[in-house]
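All the letters of the sequence shown, read from the start, carry residue numbers 947 to 1010 under our numbering.
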Amino acid sequence: EHYQVGLAGVWFVGDSTGDLEAALAVGAQPVLVKTGKGERTLEKGVAETTLIFDDLAAIARELI
């Protein structure tokens, strides 16, 4: 808000339901990494728009 910049299209990477909910709340693109709590989060279900990657290296490869 301070910088008046929207977060649409910005990747918000996380491994928990709270991370993904935060991404959606600010209009960012939720990205689930399956390391850490990610596998459990995926089992609970995620939003249809969530991008899913095995690890941070896979995310980096996609962005490069």
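Using N, Cα and C, we set each Cβ at its ideal position, and we do this for glycine too.
Unbroken beta strand (DSSP E) run spanning residue i, endpoints
i: L997; result: 997-999
Paired residues, beta bridge with residue i - DSSP
i: G960; result: L978
Straight-line gap, residue i to residue j (C-alpha atoms, nearest Å)
i: L978; j: A1003; result: 13 Å
i: D1001; j: E985; result: 11 Å
i: K990; j: E967; result: 13 Å
i: T987; j: A1006; result: 21 Å
Residue i, DSSP secondary structure in three states
i: L966; result: helix
i: T954; result: Reading off the sequence, residue 954 comes out as Ala, not Thr. If DSSP states are grouped into helix, strand and coil, A954 belongs with coil.
Extent of the continuous alpha helix (DSSP H) to which residue i belongs
i: G984; result: 984-990
Outcome for residue i when other beta-carbon atoms lying within 10 angstroms are tallied against a minimum of 16
i: A954; result: exposed
i: G964; result: exposed
i: A993; result: exposed
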